[in-house]
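Participant: For the sequence shown, position 358 matches number 357 in numbering that gives the first Met the number 0, and the numbering has no gaps at all.
Ideal Cβ placement from N, Cα and C applies to all residues, glycine included.
Model, not experiment: these values are computed from the prediction.
Encoded as structure tokens, here's the structure I'll be asking about.
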Amino acid sequence: MQKSIVLIIRDGWGVNENPEFNAVKNAHTPKTDALLEKYPNIQLGASGSSVGLPDGYQGSSEVGHLNMGAGRVVVQEMTRIMQNIQDGSFFRSQNFQKAISNVINNSSALHLMGLVQDEGVHAHQDHLFAIMKYAKEHGVKTVYIHFFTDGRDTSPRSALSYIGEVKKKIEEYKIGELATIMGRYYAMDRARNWELTSIAYDALTKAQGTRIDSVEDAIKDVYKTTTPNGEEMFDEYIPPMIVGDFTGIRDGDSVIHINYRQDRAIQLTKAFVEDDYPGERWKKLDIVYCGLTRYYDEFRYNILDAMNDSGGMDNLLGQVLSEKGLRQVRIAETQKFSHATSFFNGKRTKPYTGEEQIEIKGEYDPATFADHPEMNARDVTRKTIEIINSNSFSLLVINLANCDMVGHTGDYEAAKKAVEVVDECVGLLVEAVLSHNKIALITADHGNAEEMIDYETRITKTSHTKNPVEFIYVAEDYKNVKLVESGILSDIAPTILYLLGIEKPVAMTSKNLIIV
Numbered sequence: 000m001q002k003s004i005v006l007i008i009r010d011g012w013g014v015n016e017n018p019e020f021n022a023v024k025n026a027h028t029p030k031t032d033a034l035l036e037k038y039p040n041i042q043l044g045a046s047g048s049s050v051g052l053p054d055g056y057q058g059s060s061e062v063g064h065l066n067m068g069a070g071r072v073v074v075q076e077m078t079r080i081m082q083n084i085q086d087g088s089f090f091r092s093q094n095f096q097k098a099i100s101n102v103i104n105n106s107s108a109l110h111l112m113g114l115v116q117d118e119g120v121h122a123h124q125d126h127l128f129a130i131m132k133y134a135k136e137h138g139v140k141t142v143y144i145h146f147f148t149d150g151r152d153t154s155p156r157s158a159l160s161y162i163g164e165v166k167k168k169i170e171e172y173k174i175g176e177l178a179t180i181m182g183r184y185y186a187m188d189r190a191r192n193w194e195l196t197s198i199a200y201d202a203l204t205k206a207q208g209t210r211i212d213s214v215e216d217a218i219k220d221v222y223k224t225t226t227p228n229g230e231e232m233f234d235e236y237i238p239p240m241i242v243g244d245f246t247g248i249r250d251g252d253s254v255i256h257i258n259y260r261q262d263r264a265i266q267l268t269k270a271f272v273e274d275d276y277p278g279e280r281w282k283k284l285d286i287v288y289c290g291l292t293r294y295y296d297e298f299r300y301n302i303l304d305a306m307n308d309s310g311g312m313d314n315l316l317g318q319v320l321s322e323k324g325l326r327q328v329r330i331a332e333t334q335k336f337s338h339a340t341s342f343f344n345g346k347r348t349k350p351y352t353g354e355e356q357i358e359i360k361g362e363y364d365p366a367t368f369a370d371h372p373e374m375n376a377r378d379v380t381r382k383t384i385e386i387i388n389s390n391s392f393s394l395l396v397i398n399l400a401n402c403d404m405v406g407h408t409g410d411y412e413a414a415k416k417a418v419e420v421v422d423e424c425v426g427l428l429v430e431a432v433l434s435h436n437k438i439a440l441i442t443a444d445h446g447n448a449e450e451m452i453d454y455e456t457r458i459t460k461t462s463h464t465k466n467p468v469e470f471i472y473v474a475e476d477y478k479n480v481k482l483v484e485s486g487i488l489s490d491i492a493p494t495i496l497y498l499l500g501i502e503k504p505v506a507m508t509s510k511n512l513i514i515v
């Protein structure tokens, strides 16, 4: 068997037979068309129960990469948290109890901050509601809700609907009030744009932002303005707004971050808890802070046990290759670097022995991706080809971010251009792979660009999809390879081990996609 494999992840490139507002189907993709015509290919499930989510939930980059690297269906944190809420173990967590006890003993305020929606990519509103209910039942007097608006994994202008849901729970439980509202662009940056994180921190701790009385009127008004890039305003970019007479989080308060996905919770968390916060910060507050999950290795204020402690996340693909003494390389631009590295490794943030991680610094603000649909894909591709030509690896994982990141803008024409750039890059990568007699496996973590309108509501769709993704086997020996009829993302790791001649660990319960 050949001993070098290149796994090409075309982030956000799904399969959808409906051509309407389908940037993948309507783009000019000669390289991909030729690959599908010549080489063995099938479709993989990338959403719902196929990737450890409840049925009907869209896939995500985190979930997709976790499953690809794990070689088994990974029960996702959204599901684990809800199970722990239902059996009560969530509320018995030492970190959670410390936050609750602090506000009761000191008559201070409990602050619940995070993304509020029901799509479940980064957070789920049911977790917020469960904490509100518990707080009321256990004597907490003051609860402030810091509402991060989505518009990216949800409909672009759905904030008022979710705010309505929160207000219903406030009325039902007789506890809580909206204190701040801001788009995830500010509160959930992951590209080390620390000035955005500092704006969010100042809104939360200094009540610095536009003072409003009516949340509904304020959001309707902000929809009349534009994004930082001069485009139509969506929920993602709503600037910080301060509700009523809220004066900010204070020393002695408790803060619970209700996001469970790590990558977009790290920067704001560091603003609250780290002495050496990289951005500008007017003050580090003396508070009790916790988050739903372990956002980074050094963070120890997580309510849910870390996956690698209790989630059965051992014998991952990267770990197996490392223990065999094989070299592996991961490469992506900034927006997807943590996915190709940490998430692929079961949320481990340190590379395995023998693993090289290469980040191509993204040069564009996410608000401008529609103007720059090429992003840094060509730079990522050039560097990857250098590595392919070096002949010094067993596995190379590359993420091309364009279809997902540009798809999230809702700009259909820009998304078509993004698809075409990715197609161009895949063509160059495959050419290099075949010239060195290596194997290319081409796939995606989830869909996005192939469905850019809600076919029922006719509203622009900026979120991921529930569609399957392609898996294409490209190698000189392709005529001797027959694939199974269909599979799921977690089947990729066992397939790679088979191609490398390595026995699959018992913990990898998913299957080899190649018929032996």
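1) Among residues of its own chain, excluding the 5 on either side of serine 265, which ones have a beta-carbon nearer than 6 Å to its beta-carbon?
2) Excluding the 5 residues flanking valine 418 on each side, which residues of the same chain have their C-beta closer than 8 Å to its C-beta?
3) Go through its chain and collect everything with a Cβ distance to asparagine 105's Cβ below 8 Å, but skip five positions before and after it.
4) Pull the bridge partners of threonine 148 from the DSSP assignment, please.
5) Does DSSP classify threonine 333 as helix, strand or coil?
6) Which word fits tyrosine 454, buried or exposed, when buried means at least 16 other C-beta atoms lie within 10 angstroms of its C-beta?
7) Alpha carbon to alpha carbon, how far is alanine 190 from threonine 78? Give it in angstroms, no decimals.
8) Using beta-carbon positions only, say whether isoleucine 218 and alanine 134 come within less than 7 Å of one another.
9) Tell me phenylalanine 470's beta-bridge partners as DSSP assigns them.
10) With H, G and I counted as helix, E and B as strand and the rest as coil, what does DSSP make of lysine 139?
11) Using only the alpha-carbon positions, how far apart do glutamine 124 and proline 277 sit?
12) Hey, how far is the Cα of serine 341 from the Cα of isoleucine 99?
13) Span of the beta strand (DSSP E) holding asparagine 96?
14) For glycine 13, list the residues DSSP reports as bridge partners.
15) Nearest by alpha-carbon distance to isoleucine 387: which of His435, Ile330, Ala506 and Leu399 is it?
16) Glutamine 75 and proline 467 - do their beta-carbons sit closer together than 7 Å?
17) Does the region 197-214 come within contact of the region 179-187, defined as at least 3 CB pairs closer than 8 Å?
18) Per the contact definition of three or more C-beta pairs closer than 8 Å, is the region 330-345 in contact with the region 373-386?
19) Name the one or two DSSP bridge partners that threonine 459 has.
20) By how many angstroms is the C-alpha of glycine 290 removed from the C-alpha of tyrosine 497?
21) In terms of residue numbering, what span does the beta strand (DSSP E) encompassing threonine 209 cover?
22) Is the number of C-beta pairs between the region 415-430 and the region 459-466 that are closer than 8 Å three or more?
23) So, helix, strand or coil for glutamate 215, using DSSP?
24) Report yes or no: do the region 111-127 and the region 272-286 share at least 3 C-beta pairs separated by less than 8 Å?
25) By DSSP, does asparagine 390 sit in helix, in strand, or in coil?
26) Look at histidine 145 and methionine 187 and say whether their C-beta atoms are less than 7 Å apart.
27) Terminal residues of the continuous beta strand (DSSP E) containing valine 425?
28) Count the other CB atoms within 10 Å of the CB of aspartate 422; is the residue buried (16 or more) or exposed (fewer)?
29) Could you please give the first and the last residue of the uninterrupted beta strand (DSSP E) stretch that includes histidine 256?
30) Does the Cβ of asparagine 83 lie closer than 6 Å to at least one heavy atom of the ligand GTP?
31) Just to confirm before moving on: does the CB-CB distance between serine 489 and glycine 70 stay below 7 Å?
32) Thinking C-beta only, is asparagine 398 closer than 7 Å to lysine 460?
Facilitator: The structure says:
1) Position 266 of the sequence shown, counted from the first residue, corresponds to residue 265. Contrary to the premise, residue 265 reads as isoleucine rather than serine in this sequence. If you ignore the 5 residues before and after isoleucine 265, its C-beta comes within less than 6 Å of the C-beta of Tyr294 and Tyr295, all in its own chain and listed in chain order.
2) As a first step, residue 418 must be located in the sequence shown, where it is residue number 419. So the qualifying residues of the chain are Trp12, Ala22, Val23, Ala26, Thr28, Asn401, Cys402 and Ala448.
3) As a first step, residue 105 is located in the sequence shown; it is residue number 106 there, counting from the start. Within the same chain, and ignoring the five residues on either side of asparagine 105 in sequence, the residues whose Cβ sits closer than 8 Å to its Cβ are Gly251.
4) What you label residue 148 is simply residue 149 of the sequence shown in a count that begins at 1. Threonine 148 has Gly182 as its beta-bridge partners, per DSSP.
5) Counting from 1 along the sequence shown, the entry for residue 333 is found at position 334. In this structure, threonine 333 counts as helix in the three-state DSSP scheme.
6) As a position in the sequence shown, residue 454 is number 455, starting the count at 1. When all chains shown are included, tyrosine 454 counts as exposed.
7) Locating residue 78 in the sequence shown gives position 79, counting from the first residue. Locating residue 190 in the sequence shown gives position 191, counting from the first residue. Their backbone Cα atoms lie some 27 Å apart in a straight line.
8) Position 219 of the sequence shown, counted from the first residue, corresponds to residue 218. Position 135 of the sequence shown, counted from the first residue, corresponds to residue 134. Not in contact: isoleucine 218 and alanine 134 (Cβ atoms no closer than 7 Å).
9) The count along the sequence shown starts at 1 and reaches residue 470 at position 471. Phenylalanine 470 is bridged to Ile41.
10) Taking the first residue of the sequence shown as position 1, residue 139 is located at position 140. The sequence shown places valine at residue 139, rather than the lysine named in the question. If DSSP states are grouped into helix, strand and coil, valine 139 belongs with coil.
11) For the purposes of this step, residue 124 is identified with residue 125 of the sequence shown, where counting begins at 1. For the purposes of this step, residue 277 is identified with residue 278 of the sequence shown, where counting begins at 1. Answer to the nearest angstrom: the Cα atoms are 30 Å apart.
12) Working through the sequence shown from its first residue, we reach residue 341 at position 342. Working through the sequence shown from its first residue, we reach residue 99 at position 100. Using only the alpha carbons, I get a separation of about 31 Å.
13) By one-based count along the sequence shown, residue 96 stands at place 97. Correcting the residue type first, residue 96 is glutamine in the shown sequence and not asparagine. For glutamine 96, there is no enclosing beta strand (DSSP E); the residue is found in the alpha helix (DSSP H) stretching over 93-105.
14) Translated into positions along the sequence shown, residue 13 becomes position 14. DSSP lists no partner for glycine 13.
15) Taking the sequence shown and counting its residues from 1, the one referred to as residue 387 is at position 388. Minimum Cα distance to isoleucine 387 is reached at His435.
16) As a working note, residue 467 is residue 468 in the sequence shown. As a working note, residue 75 is residue 76 in the sequence shown. No, the pair does not count as a contact, with Cβ atoms beyond the cut-off.
17) Result yes; three or more Cβ-Cβ pairs closer than 8 Å.
18) The region 373-386 is in contact with the region 330-345.
19) Within the sequence shown, the letter at position 460 stands for residue 459. Answer by DSSP bridge pairing, in chain order: Ile452.
20) For the purposes of this step, residue 497 is taken as the residue at position 498 of the sequence shown. For the purposes of this step, residue 290 is taken as the residue at position 291 of the sequence shown. Looking at the two C-alpha atoms, the distance is approximately 39 Å.
21) Translated into the one-based positions of the sequence shown, residue 209 becomes position 210. 209-211 is the span of the beta strand (DSSP E), which, as asked, contains threonine 209.
22) The region 415-430 is not in contact with the region 459-466.
23) Numbered from its first residue, the sequence shown carries residue 215 at position 216. It is helical.
24) Segments in contact, no.
25) Start at 1 with the first residue of the sequence shown, and residue 390 comes out as number 391. In the structure shown, asparagine 390 sits in coil (DSSP, three-state: anything other than H, G, I, E or B).
26) Looking up residue 145 in the sequence shown gives position 146. Looking up residue 187 in the sequence shown gives position 188. Taking 7 Å as the Cβ cut-off, histidine 145 and methionine 187 do not qualify as a contacting pair.
27) For the purposes of this step, residue 425 is taken as residue 426 along the sequence shown, with counting starting at 1. Element bounds for valine 425: not the beta strand (DSSP E) but the alpha helix (DSSP H), 411-434.
28) In the sequence shown, counting from the first residue as 1, residue 422 sits at position 423. Result: buried.
29) For the purposes of this step, residue 256 is identified with residue 257 of the sequence shown, where counting begins at 1. Here the beta strand (DSSP E) through histidine 256 covers 253-256.
30) Of the ligands one can find in the structure shown there are none, so the ligand GTP has no counterpart to examine.
31) One-based indexing of the sequence shown puts residue 489 at position 490. One-based indexing of the sequence shown puts residue 70 at position 71. In this structure, glycine 70 lies closer than 7 Å to serine 489 by Cβ.
32) Taking the first residue of the sequence shown as position 1, residue 460 is located at position 461. Taking the first residue of the sequence shown as position 1, residue 398 is located at position 399. Inclusion of lysine 460 and asparagine 398 in the CB contact set at 7 Å is not warranted, their separation being larger than that value.
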